[in-house]
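Asker: A single structure is presented below for examination.
Number of protein chains: 2
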Amino acid sequence: EQPLVRGLAYSVSEARVTVSGLPNRPGVARAVFAVLDDADVNIDLIVQTAIERSEVVDITFTLSRGDRERAHAALRDLPAEFAYERISWDERVAKISVVGIGMRSHSGVARKLFDALAEGGINIEAISTSEIRISVLVAEDNLEEALRLAHTAYGLDGDATNDPTF
Amino acid sequence: EQPLVRGLAYSVSEARVTVSGLPNRPGVARAVFAVLDDADVNIDLIVQTAIERSEVVDITFTLSRGDRERAHAALRDLPAEFAYERISWDERVAKISVVGIGMRSHSGVARKLFDALAEGGINIEAISTSEIRISVLVAEDNLEEALRLAHTAYGLDGDATNDPTF
Ligand SMILES: C[C@@H](O)[C@H](N)C(=O)O
Ligand SMILES: C[C@@H](O)[C@H](N)C(=O)O
Numbered sequence: 001e002q003p004l005v006r007g008l009a010y011s012v013s014e015a016r017v018t019v020s021g022l023p024n025r026p027g028v029a030r031a032v033f034a035v036l037d038d039a040d041v042n043i044d045l046i047v048q049t050a051i052e053r054s055e056v057v058d059i060t061f062t063l064s065r066g067d068r069e070r071a072h073a074a075l076r077d078l079p080a081e082f083a084y085e086r087i088s089w090d091e092r093v094a095k096i097s098v099v100g101i102g103m104r105s106h107s108g109v110a111r112k113l114f115d116a117l118a119e120g121g122i123n124i125e126a127i128s129t130s131e132i133r134i135s136v137l138v139a140e141d142n143l144e145e146a147l148r149l150a151h152t153a154y155g156l157d158g159d160a161t162n163d164p165t166f
Numbered sequence: 001e002q003p004l005v006r007g008l009a010y011s012v013s014e015a016r017v018t019v020s021g022l023p024n025r026p027g028v029a030r031a032v033f034a035v036l037d038d039a040d041v042n043i044d045l046i047v048q049t050a051i052e053r054s055e056v057v058d059i060t061f062t063l064s065r066g067d068r069e070r071a072h073a074a075l076r077d078l079p080a081e082f083a084y085e086r087i088s089w090d091e092r093v094a095k096i097s098v099v100g101i102g103m104r105s106h107s108g109v110a111r112k113l114f115d116a117l118a119e120g121g122i123n124i125e126a127i128s129t130s131e132i133r134i135s136v137l138v139a140e141d142n143l144e145e146a147l148r149l150a151h152t153a154y155g156l157d158g159d160a161t162n163d164p165t166f
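Protein chains in written order, with this note's numbering: chain A, 1 to 166; chain B, 1 to 166.
See below:
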């Protein structure tokens with residue numbers, strides 16, 4: 001299955017939030033996204049890494065910048081049993097996605113993106129991949145340079161798109 | 001944009017690895033996935049949450065169970081400048097993906113999955129979402145129950161597929 005990269009997509013004007021130190025037991029993700037959904041916060045990306053149940057865990061998500069205050073208020077209302085250690089924000093992130101097919105064994109495809117960004121001294125703030133899409137968050141100021149490096153790395157000629165359905 | 005859930009996909013016989021306490025600076029993800037790619041380790045999902053540059057960060061990835069030893073040896077060879085705190089494994093995980101379109105403002109769609117798994121007392125080990133796919137890792141023993149709960153939650157009638165290109 002030769003991976004085929006179709007193109008690059010990006011989105012700006014997102015903020016990212018990380019809720020650190022959440023208990024790692026059933027019902028916690030439900031509680032976090034219930035209060036955010038009830039507050040009508042528009043969420044894009046969600047990532048959580050895996051650790052032993054005995055340890056606390058972090059969840060990162062991105063949202064429209066305008067929803068920041070509402071999200072902050074909603075998370076503060078989480079019941080005590082879902083107490084987290086802290087919340088960290090970054091107001092100015094950009095998401096870049098490599099969109100393709102057949103990327104299932106895609107360590108080579110993902111590696112290419114990580115190589116390109118490292119070449120440019122661009123820090124990868126978060127990663128979320130699937131068989132058909134590799135997404136990273138970078139500082140918004142790095143967006144243009146990151147798109148240029150990724151285009152070269154994958155030998156793409158067209159422009160990146162900010163159409164979320166790409 | 002009404003979200004439309006097309007179906008459920010799953011994959012078993014994966015192991016998950018978390019490399020904890022990695023430095024959060026450019027070039028680290030490149031180094032980790034270069035040694036894994038050079039060792040011909042077949043990687044599926046990659047997730048990393050976002051934290052301030054001054055802090056260390058965790059990266060979780062899934063791989064074929066057979067590649068575990070090779071991956072372990074490759075990570076041990078990482079140069080000292082990419083020193084991590086520890087590696088944790090889980091031999092028996094299953095991935096469940098909700099596949100759809102128009103899920104960009106999908107906090108409601110993701111919330112439904114989190115609600116369903118919490119109802120069943122199933123722990124969510126990792127999360128990775130995009131506009132068109134919500135994936136979670138659960139303990140392999142929970143796969144059947146998790147698929148049943150997700151089917152009901154989204155009102156789906158067909159079977160889940162283990163075709164990675166779905
Ligand atoms: C942290 C959170 O994902 C938790 N493991 C849950 O199942 O809800
Ligand atoms: C942790 C890792 O992703 C690092 N931030 C990098 O850019 O490589």
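Note that CB positions come from ideal geometry on N, CA and C, so glycine has one too.
How long is the line joining the alpha carbons of G7(B) and N162(B), rounded to whole angstroms?
Answerer: The count along the second sequence starts at 1 and reaches residue 7(B) at position 7. The count along the second sequence starts at 1 and reaches residue 162(B) at position 162. Each residue's alpha carbon lies about 11 Å from the other.
Asker: Quick one: residues in its chain with C-beta nearer than 6 Å to the C-beta of A83(A), no 5 flanking neighbours on either side, listed in chain order?
Answerer: Taking the first residue of the first sequence as 1, we reach residue 83(A) at position 83. Same-chain partners within the cutoff: there are none.
Asker: Given a cut-off of 7 Å, decide if E119(A) and G21(A) are closer than it, judged by their beta-carbon atoms.
Answerer: Position 21 of the first sequence, counted from the first residue, corresponds to residue 21(A). Position 119 of the first sequence, counted from the first residue, corresponds to residue 119(A). No, they are not a contact pair.
Asker: Using a Cβ-Cβ distance under 7 Å, would V56(B) count as near chain A?
Answerer: In the second sequence, the residue the question calls residue 56(B) occupies position 56. No, its Cβ sits nowhere closer than 7 Å to a Cβ of chain A.
Asker: Determine, using beta carbons only, whether A153(B) and K112(B) come nearer to each other than 7 Å.
Answerer: In the second sequence, counting from the first residue as 1, residue 153(B) sits at position 153. In the second sequence, counting from the first residue as 1, residue 112(B) sits at position 112. It is a contact, given that the beta carbons lie within the stated cut-off.
Asker: Leaving out five residues on either side along the sequence, give the residues of the same chain with a beta carbon under 6 Å from the beta carbon of R53(A).
Answerer: If you number the first sequence from 1, residue 53(A) lands on position 53. The residues are N24.
Asker: Following a CB-centred definition, is A73(A) positioned closer than 6 Å to any heavy atom of ligand 2?
Answerer: To locate residue 73(A), count along the first sequence from 1; it is residue 73. Checking the Cβ of A73(A) against ligand 2 gives no.
Asker: Decide if G121(B) is buried, meaning its Cβ has at least 16 other Cβ atoms within 10 Å, or exposed.
Answerer: As a working mapping, residue 121(B) is identified with position 121 in the second sequence. Counting Cβ neighbours within 10 Å, G121(B) comes out exposed, since fewer than 16 surround it.
Asker: Between D58(B), S11(B), P26(B), which has its C-alpha nearest A139(A)'s C-alpha?
Answerer: Translated into the one-based positions of the first sequence, residue 139(A) becomes position 139. The option with the nearest alpha carbon to A139(A) is P26(B).
Asker: Quick one: which chain B residues come within Cβ less than 7 Å of E125(A)?
Answerer: Within the first sequence, numbered from 1, the residue matching residue 125(A) stands at position 125. The answer, in chain order, is A50.
Asker: Using the Cβ count rule (16 or more neighbours within 10 Å means buried), how would you classify A9(A)?
Answerer: Reading the first sequence from its first residue, position 9 is the one you call residue 9(A). By the neighbour-count rule (16 or more Cβ atoms within 10 Å), A9(A) is buried.
Asker: Could you name the residues of chain B that P3(A) contacts, counting a contact when the two beta carbons are closer than 9 Å?
Answerer: What you label residue 3(A) is simply residue 3 of the first sequence in a count that begins at 1. Those within 9 Å of P3(A) in chain B number zero; the least Cβ separation is about 12 Å.
Asker: Give me, in chain order, the residues of the same chain whose beta-carbon lies closer than 8 Å to that of D115(B); leave out the 5 immediate sequence neighbours on both sides.
Answerer: Looking up residue 115(B) in the second sequence gives position 115. Same-chain partners within the cutoff: A153.
Asker: On the DSSP bridge list, what partners appear for D90(B)?
Answerer: Position 90 of the second sequence, counted from the first residue, corresponds to residue 90(B). In DSSP, D90(B) forms a bridge with R16(B).
Asker: In chain order, which continuous runs of the alpha helix (DSSP H) of length 4 or greater are located wholly inside the region 10-75 of chain B?
Answerer: Correct list: 28-38.
Asker: Scan the region 130-159 of chain A for residues whose Cβ lies nearer than 7 Å to a Cβ of chain B and list them as they occur along the chain.
Answerer: Result list: S130, E131, R133, S135, L137.
Asker: I'd like to know if D163(B) contacts chain A, where contact means its C-beta is closer than 7 Å to some C-beta of that chain.
Answerer: One-based indexing of the second sequence puts residue 163(B) at position 163. No, because no Cβ of chain A sits closer than 7 Å to the Cβ of D163(B).
Asker: What does G108(A) reach in chain B if we use C-beta pairs closer than 7 Å?
Answerer: Along the first sequence, one-based indexing puts residue 108(A) at 108. Those are D37, listed as they occur along chain B.
Asker: With 7 Å set as the bound, which would you pick, yes or no: does the beta-carbon of R30(B) sit closer than that to a beta-carbon of chain A?
Answerer: Looking up residue 30(B) in the second sequence gives position 30. Yes, contact with chain A.
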